Amino acid sequence: MPLLALDAITHIFRRSGGALVTAVRDVSLVVEEGETVALVGESGSGKSTLGRIALGLLRPDAGRVLIGGKSLGEMSSRELRRERVAFQPIFQDATASLNPRRPVRDLLRQALRQRPAGATESTSIERSEVELLESVGLRPGSAYLERYPHELSGGQRQRVAIARALAMGPRLIVADEPLSGADVSIRGQVLNLLSDIKKERGLGYLMITHDISIARAFADRVAVMCQGEIVEQGPATLVLTEPTQDYTKRLLAAVPRLFQ
Ligand SMILES: Nc1ncnc2c1ncn2[C@@H]1O[C@H](COP(=O)(O)OP(=O)(O)OP(=O)(O)O)[C@@H](O)[C@H]1O
Ligand SMILES: [Mg+2]
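Everything in the sequence shown is counted per this note's numbering, starting at 116 for the first residue and increasing by one.
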């Protein structure tokens with residue numbers, strides 16, 4: 116059973132003037148246990164909309180979201196809450212996902228409390244706030260516990276957001292442009308961190324990015340979105356070296372030479 120299966124998902128937005136926008140059209144996509152799938156495509160192609168649907172934050176107008184074979188639409192609110200803990204988001208702007216009125220210690224403690232009972236049995240999972248902070252490279256962890264989100268740098272905030280996601284013992288991380296807000300030096304560090312987490316924990320990732328170099332560094336499989344549809348998907352090595360679609364070829368050609 117795949118970790119996540121999106122089955123024929125369609126989502127339509129109504130703009131304030133009344134016009135309808137089909138942000139996602141009949142998209143099917145699977146993420147297996149331990150697999151990283153990069154969702155690439157130009158701005159406005161529907162990537163974030165699909166990511167929010169996968170996280171259960173947005174209800175699709177048509178199609179099903181299956182978690183371990185079970186449809187989100189058929190779950191009780193209790194089951195839904197439990198599954199949401201297993202699927203954790205990391206967004207571009209960590210500030211928005213961290214409560215500004217709570218120090219780091221509270222943010223992590225609250226996340227640790229939400230972890231399902233079964234997840235704590237794994238030895239690769241940290242048990243304390245300090246361990247969590249050190250696992251994302253904030254050392255010594257004790258130095259960060261009493262700080263508030265605004266007292267951290269952008270890169271430190273993103274690490275705390277990642278630590279918070281990990282605290283819940285997730286099986287899938289949906290990362291929506293997690294590096295776009297960071298400057299070049301921090302991007303490398305955070306990318307390495309995400310890649311270490313992937314190796315150590317065997318998590319599934321849905322990595323949303325318009326940056327092909329990230330997909331190349333990170334993904335097992337790539338799905339290419341264009342105007343709400345997936346126009347091409349397959350192993351990263353194949354799609355990123357021998358794309359069959361003109362749209363994918365154009366995306367690849369647009370990568371600055373620095374990253375190639
Ligand atoms: N809340 C909304 N109301 C109306 N239209 C929306 C809404 N959110 C997104 N859209 C539209 O849906 C389409 C897909 O948007 P989405 O944010 O999913 O794109 P994206 O691929 O994530 O783009 P980017 O790379 O810029 O983040 C766009 O045309 C966008 O204008
Ligand atoms: Mg987006």
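Backbone N, C-alpha and C define an ideal beta-carbon position, used for all residues, glycine too.
The structure presented is a predicted model; accordingly, all values stated were derived computationally and were not measured.
Check: Start-to-end residues for the alpha helix (DSSP H) that takes in Asp361; Outcome: 361-368
Check: Nearest to Ala282 (by Cα), restricted to the options Ile312, Thr164, Thr359, Asp298; Outcome: Ile312
Check: Terminal residues of the alpha helix (DSSP H) in which Gln203 lies; Outcome: Per DSSP, Gln203 belongs to no alpha helix (DSSP H); it is in the beta strand (DSSP E), 202-206.
Check: Alpha helix (DSSP H) runs wholly inside the region 251-328, at least 4 long, in chain order; Outcome: 269-282, 299-316
Check: Euclidean distance between Cα positions of Val200 and Ser300; Outcome: 31 Å
Check: C-beta contact flag for Val155 and Ile327 at 8 Å; Outcome: yes
Check: Burial state of His126, where buried means 16 or more other Cβ atoms lie within 10 Å; Outcome: buried
Check: Under 7 Å, CB to nearest heavy atom of ligand 2: contacting residues; Outcome: Lys162, Ser163, Asp291, Glu292, Ile323
Check: Any non-hydrogen atom of ligand 1 within 7 Å of Val136 CB; Outcome: yes
Check: Alpha-carbon spacing of Ala176 relative to Gln229, whole angstroms; Outcome: Note that residue 176 corresponds to Asp in the displayed sequence, not to Ala. The straight-line gap from Cα to Cα measures roughly 30 Å.
Check: Arg336: first and last residue of the uninterrupted beta strand (DSSP E) it sits in; Outcome: 336-341
Check: Gly156: CB within 7 Å of a non-hydrogen atom of ligand 1; Outcome: yes
Check: Buried or exposed by the 16-neighbour rule on C-beta atoms within 10 Å, applied to Ser250; Outcome: buried
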